[in-house]
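The structure appears below as structure tokens.
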Amino acid sequence: MKTILITGTNGMIGKLVLEHCLQRSDVQKITSITRKPTGITHPRLVEVFHNDFLDYSAIEQHFTGQDICFYCIGVYTGQVPKNEFRKITVDFTKAFAKCLKHNSPQSTFCFLSGQGADLSEKSRIMFAHDKGVAENILIRLQFKQLSIFRPAYIYPVTPRVEPNALYRVFRVLYKPFLSKVYPNIGLTSEQLVRAMIRVGFNGGQQTIYENREIKQLAD
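Going by our numbering, the sequence shown runs without a break in its numbering and finishes at 301.
Written out as structure tokens, the structure reads:
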């Protein structure tokens with residue numbers, strides 16, 4: 083029986099991960115670190131409300147005894163200023179991962195990254211650079227198992243308010259056109275979550291999974 087730690091459960095992917103974990107018979111307990119309630123109630127779910135994602139000392143006890151972590155915090159490019167994007171992408175990840183490594187050193191860490199993340203940290207593209215920095219931080223922490231997922235466009239299976247005009251266009255065109263003409267341009271939110279769950283619970287053969295590999299895992 084597994085104990086699961088999830089963050090980002092009010093987001094599209096984090097919430098799906100939570101729902102999938104709740105459906106599994108091999109999960110004993112799920113702890114969600116979140117700013118606000120998800121609206122999901124379940125006897126195996128513990129929601130821990132926390133606002134300071136740079137300091138987890140007040141809730142550190144919830145990081146102990148965790149088998150698998152699904153880290154799903156993220157922000158779209160353009161949603162926040164550059165410094166805020168870096169704080170959310172890099173600093174939040176670092177603080178959370180260090181706390182988990184200290185309290186559950188044998189845990190598995192599944193990280194939601196993105197296509198184009200640059201491990202050389204030389205890219206001039208903010209998203210690629212900052213995601214690469216975050217990935218390197220996780221690699222250096224040497225988790226028992228680290229799995230980094232780099233999806234391209236994520237098609238939302240359930241309706242949502244799209245973050246910008248480009249995503250509204252992709253939402254309309256992905257299923258009938260883009261996914262058929264350019265099969266590796268993206269994947270559905272369900273495909274991504276199925277792959278993350280599969281690797282998190284069963285282990286994987288590599289550390290970084292690109293969009294094409296994620297889709298293969300989901301089949």
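Glycine included, C-beta positions come from ideal geometry on N, C-alpha and C.
Note that the coordinates shown come from a computational prediction; the quantities given were computed from them, not determined experimentally.
Exposed or buried, which one is A210 when buried takes at least 16 other CB atoms within 10 Å?
As a position in the sequence shown, residue 210 is number 128, starting the count at 1. Result: buried.
Between Q273 and the ligand NAP, is there a pair consisting of the residue's CB and a ligand heavy atom that are separated by less than 8 angstroms?
The model on display carries no ligand, and the ligand NAP is accordingly not part of it.
Under the three-state reduction of DSSP, which class applies to L127: helix, strand or coil?
As a working note, residue 127 is residue 45 in the sequence shown. Of the three classes helix, strand and coil, the one that applies to L127 here is strand, per DSSP.
Does DSSP put G96 in a helix, in a strand, or in coil?
Residue numbering aside, residue 96 sits at position 14 when the sequence shown is read from its first letter. Three-state DSSP puts G96 in a helix.
Under 9 angstroms, do N218 and L194 count as touching if we go by C-beta distance?
Within the sequence shown, numbered from 1, the residue matching residue 218 stands at position 136. Within the sequence shown, numbered from 1, the residue matching residue 194 stands at position 112. The answer is no: Cβ separation not under 9 angstroms.
Go through its chain and collect everything with a Cβ distance to T175's Cβ below 6 angstroms, but skip five positions before and after it.
By 1-based counting over the sequence shown, the position of residue 175 is 93. A216.
From the DSSP secondary-structure annotation, give me the bridge partner or partners of V109.
As a first step, residue 109 must be located in the sequence shown, where it is residue number 27. Looking at the DSSP assignment, V109 forms a beta bridge with K84.
Would a C-beta distance cut-off of 9 angstroms place A179 and F225 closer than the cut-off?
The sequence position of residue 179 within the sequence shown is 97, counting from 1. The sequence position of residue 225 within the sequence shown is 143, counting from 1. Yes. Within cutoff.
Does DSSP classify L194 as helix, strand or coil?
Taking the first residue of the sequence shown as 1, we reach residue 194 at position 112. Note: L194 maps to strand in three-state DSSP.
Chain D beta carbons: is any one of them nearer than 9 angstroms to that of T175?
The displayed structure is made up of one protein chain only, and chain D is not part of it.
C-beta contact flag for H144 and V157 at 9 angstroms
For the purposes of this step, residue 144 is taken as the residue at position 62 of the sequence shown. For the purposes of this step, residue 157 is taken as the residue at position 75 of the sequence shown. Result no, Cβ atoms of H144 and V157 do not sit closer than 9 angstroms.
Once you ignore the five residues that flank L269 on each side, which residues in its own chain have a CB closer than 8 angstroms to its CB?
In the sequence shown, residue 269 corresponds to position 187, counting from 1. Result list for L269: P233, A234, Y235, I236, Y237, N293, I296, K297, A300, in chain order.
Under three-state DSSP, which class holds E203?
Locating residue 203 in the sequence shown gives position 121, counting from the first residue. Coil at E203, not helix or strand.
Three Cβ pairs or more, each shorter than 8 angstroms: is that satisfied between the stretch 120 to 127 and the stretch 157 to 166?
no
Alpha carbon to alpha carbon, how far is I155 from Q161? Give it in angstroms, no decimals.
Translated into positions along the sequence shown, residue 161 becomes position 79. Translated into positions along the sequence shown, residue 155 becomes position 73. Q161 and I155: Cα-Cα distance of roughly 14 angstroms.
Could you compute how far the alpha carbon of L228 sits from the alpha carbon of G214?
Here residue 228 corresponds to residue number 146 of the sequence shown, with the count starting at 1. Here residue 214 corresponds to residue number 132 of the sequence shown, with the count starting at 1. L228 and G214: Cα-Cα distance of roughly 15 angstroms.
Once DSSP output is grouped into helix, strand and coil, what is the label at C154?
The count along the sequence shown starts at 1 and reaches residue 154 at position 72. Three-state DSSP puts C154 in coil, outside helix and strand.
One or two residues paired with T116 in a DSSP bridge
Counting from one through the sequence shown, the residue named residue 116 turns up at place 34. For T116, which the question treats as bridged, DSSP gives the partners F131.
Buried or exposed by the 16-neighbour rule on C-beta atoms within 10 Å, applied to K118
The residue given as residue 118 occupies position 36 in the sequence shown. Exposed is the call here.
Looking only at C-alpha atoms, which of S114, N185, V172 sits nearest to L220?
As a working mapping, residue 220 is identified with position 138 in the sequence shown. Taking only the C-alpha atoms, the option nearest L220 is V172.
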